[in-house]
Amino acid sequence: MRAIWKGFVSFGLVTIPVNVGIAQDRQDPSFRTLVRETLRPVRQKRWDDEADREVDAADTVKGYEFAKGRYVVVEEEELARFAPTQEKTVQILQFVELDQVDPVYFEKAYWLEPQERAERPYRLLATALDETGRAAIGRFVLSTKEHLVLVRSLDGVLALQTLYYPEDVRMGVREEIAERLGDGEVVKAELDMAKQLIEGMTAGFDPAKYPNETRKAIVEMLEARADGQDVAVPDERPEAAPVVDLMEALKASLEANAKKAEKPERKAS
1427 MRAIWKGFVS FGLVTIPVNV GIAQDRQDPS FRTLVRETLR PVRQKRWDDE ADREVDAADT
1487 VKGYEFAKGR YVVVEEEELA RFAPTQEKTV QILQFVELDQ VDPVYFEKAY WLEPQERAER
1547 PYRLLATALD ETGRAAIGRF VLSTKEHLVL VRSLDGVLAL QTLYYPEDVR MGVREEIAER
1607 LGDGEVVKAE LDMAKQLIEG MTAGFDPAKY PNETRKAIVE MLEARADGQD VAVPDERPEA
1667 APVVDLMEAL KASLEANAKK AEKPERKAS
């Protein structure tokens, strides 16, 4: 694993030397913006619209817009005074029941790898978290920024999840939606059918069953085009019809799911 940070996980008087590595990396194709006629890459410039000229990096400064068109200027050295101390420790603050942390707070995931001769305390913490169903809330500094984090065990391997702070999560939107829904009741017959449909479509989570079909199709098209082949553009998908009768839609869904379940699995030849 390529480490982007090396330090310690500390809880109580226990200290575990660890390496931190990125757990997620989107594999979407990347594109450059080109001049259509020459196919040369377009370079982005810093531009002053009023002066109609390019601005050198040395002539720029950070500005905080406190009102429309009005800014407070901040120098880099001023911001540096507020930078958190570059400590090499993930300081555990407390432990929580894992299911109490709503995924809406999850930001980015990292793997924690034990450094040499740290396997024993690492395994101890991972096993303790697995068997108690708990996770650790802590803080650590990465790239000059302090992060609130969740440390959890995934089948014996520790993962560190950076968390959004409360002010970063737009809970007001959730409250608006809840207010719009009001106290309306759910029809029991419809609820029973919805539960039946959910039960019939429930299976263990296996991410390998859900590949990125769009990425696969785009990459195949790009590779074929790079080889000079003509590629057919896929037809537009028809838009789903709006639900007119909820009960009829539930019945149709149950019937379609039952037929799907009745189909015999193809045997490998």
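In the numbering used here, the protein residues as written are 1427 to 1695. Ideal Cβ positions, reconstructed from N, Cα and C, are used throughout, including at glycine.
So for residue i, helix, strand or coil by DSSP?
i: V1567; result: strand
i: D1594; result: helix
i: R1496; result: strand
i: K1432; result: strand
i: R1479; result: strand
i: E1539; result: strand
i: K1693; result: Per-residue confidence for K1693 stands at a pLDDT of 48, beneath the threshold of 50, marking its modelled position as unreliable; the derived number appears in the next sentence. Residue state, collapsed to three classes: coil.
i: L1576; result: strand
i: P1547; result: helix
i: N1683; result: helix
i: T1459; result: coil
i: G1626; result: helix
i: Q1368; result: Residue 1368 cannot be examined here, being either before or after the span of the chain that is shown, 1427 to 1695.
i: K1534; result: strand
i: L1672; result: helix
i: A1585; result: strand
i: L1555; result: helix
i: A1678; result: helix
i: P1467; result: strand
Output yes or no for whether 9 Å exceeds the beta carbon distance between residue i and residue j.
i: R1641; j: D1454; result: yes
i: K1564; j: V1435; result: According to the sequence shown, residue 1564 is Gly rather than Lys. The answer is yes: Cβ separation under 9 Å.
i: L1407; j: L1584; result: Any question about residue 1407 goes unanswered here, given that the chain covers just 1427 to 1695.
i: T1570; j: Q1512; result: yes
i: I1442; j: Y1548; result: yes
i: L1460; j: R1466; result: yes
i: E1646; j: V1657; result: yes
i: D1581; j: D1618; result: no
i: M1427; j: E1539; result: yes
i: E1616; j: L1676; result: yes
How big is the Cα-Cα spacing for residue i and residue j?
i: L1524; j: Y1531; result: 12 Å
i: P1637; j: R1596; result: 30 Å
i: W1537; j: K1689; result: 40 Å
i: E1639; j: I1430; result: 30 Å
i: K1635; j: E1593; result: 36 Å
i: R1560; j: V1522; result: 5 Å
i: F1492; j: V1500; result: 12 Å
i: F1566; j: G1447; result: 14 Å
i: V1575; j: A1535; result: 9 Å
i: K1614; j: G1598; result: 30 Å
i: G1495; j: E1504; result: 22 Å
i: Q1655; j: E1649; result: 9 Å
i: K1685; j: Q1622; result: 15 Å
i: E1662; j: S1456; result: 23 Å
i: P1529; j: V1487; result: 37 Å
i: G1608; j: R1600; result: 12 Å
i: A1629; j: A1652; result: 40 Å
i: E1605; j: A1477; result: 49 Å
Name the residue from the options whose alpha carbon lies nearest to the alpha carbon of residue i.
i: A1620; options: V1645, S1579, M1673, R1606; result: M1673
i: A1544; options: V1444, Y1636, D1632; result: V1444
i: Y1590; options: H1573, L1580, A1652; result: H1573
i: E1533; options: K1685, A1449, A1506; result: A1449
i: T1588; options: A1562, I1603, A1604; result: A1562
Since residue i and residue j should fall inside the 8 Å C-beta cutoff, what is the C-beta to C-beta distance between them, to a whole number of angstroms?
i: G1610; j: N1683; result: Between N1683 and G1610 the Cβ distance is about 27 Å, and since that is not below 8 Å, they are no contact.
i: R1472; j: A1483; result: 7 Å
i: V1577; j: L1586; result: 5 Å
i: Y1490; j: V1498; result: 5 Å
i: T1515; j: G1438; result: So it is not a contact: roughly 13 Å between Cβ atoms.
i: P1660; j: A1687; result: Incorrect: roughly 29 Å between the Cβ atoms, too far for contact.
Does the beta carbon of residue i fall short of 8 Å from some heavy atom of the ligand MN?
i: A1429; result: Here there are no bound small molecules, and the ligand MN is not part of this structure.
Indicate whether at least one CB of chain C lies closer than 9 Å to the CB of residue i.
i: K1471; result: Among the chains in the structure shown there is no chain C, since it carries only a single protein chain.
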